[in-house]
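The letter at position 27 of the sequence shown is residue 26 when you use numbering that gives the first Met the number 0, and the numbering goes up by one with no holes. We treat Cβ as the ideally placed atom computed from N, Cα and C, and that holds for glycine. Notes for the one structure printed next.
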Amino acid sequence: MIILNTGGTFNKIYDPLIGGLVVPKSDEAVRDIVRKLHMELEVRGLIYKDSLEFDDEDRKSLLEAIKEHDGDVVVVHGTDTMERSAAFVAPYIEDRCVVFTGAMVPYSIDRAEASANLMLALAKALYFRSSGVYIAMHGIVDRYERVTKDRQRGLFVKS
0 MIILNTGGTF
10 NKIYDPLIGG
20 LVVPKSDEAV
30 RDIVRKLHME
40 LEVRGLIYKD
50 SLEFDDEDRK
60 SLLEAIKEHD
70 GDVVVVHGTD
80 TMERSAAFVA
90 PYIEDRCVVF
100 TGAMVPYSID
110 RAEASANLML
120 ALAKALYFRS
130 SGVYIAMHGI
140 VDRYERVTKD
150 RQRGLFVKS
């Protein structure tokens, strides 16, 4: 089991030099949550972007990182293009569980949502394992095709 951290709002921190939020080249938000679980989980960072900046080259890098690991995978990803990235990797995932999660509010601002979403994704990957690609957000865990971001309500819902 590995957690791949690609950045997104989940990881954003305030940068006083620019007066705004940035995605740091750091896994600290994810590692902080994992430490509190008292579990030995591998965390690997890659890409470190807001998902609106993701392109297919980034998705190929993510797919390669998933393929390099033999076990199940949780992907921390920005919410704006999470569904697109899940659909991109899905045709190549047959024998393992890959769960995408993220947050609409940065962990650095409010820890509740990011923590709950990551724990939901970990529970799916660790204890309710089934092969395929899933999204775990806002109390919902289902195959990626059955979950969508409701931009008017600001949360993920079953589609």
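- Around residue 154, the same chain offers 137 as residues with beta carbons nearer than 6 Å, after the five sequence neighbours per side are excluded.
- With at least 16 other beta carbons inside 10 angstroms of its own, residue 112 counts as buried.
- DSSP, reduced to helix, strand and coil, places residue 112 within a helical segment of the structure shown.
- Taken through DSSP and simplified to helix, strand or coil, residue 32 comes out as helix.
- As computed with DSSP, residue 127 is found in no beta bridge at all.
- Annotation: residue 74 is outside any alpha helix (DSSP H); the continuous beta strand (DSSP E) that includes it extends over 72 to 75.
- Between residue 42 and residue 29 a beta carbon distance of about 5 Å is seen, short of the 8 Å cut, so the two are scored as contacting.
- Burial state of residue 13 is exposed, judged by a 10 Å Cβ sphere holding fewer than 16 other Cβ atoms.
- A buried status is given to residue 76, since no fewer than 16 other beta-carbon atoms sit within 10 Å of its beta-carbon.
- Annotation: residue 144 is outside any beta strand (DSSP E) and is labelled neither H nor E by DSSP.
- Counting along the chain, the unbroken alpha helix (DSSP H) around residue 83 starts and ends at 81 to 88.
- In the DSSP assignment, residue 14 falls within the unbroken beta strand (DSSP E) covering 12 to 14.
- Across the set 107, 105, 58, the C-alpha of 58 shows the shortest separation from the C-alpha of residue 91.
- With respect to the 9 Å criterion, residue 47 and residue 19 are not classified as neighbours on the basis of their beta carbons.
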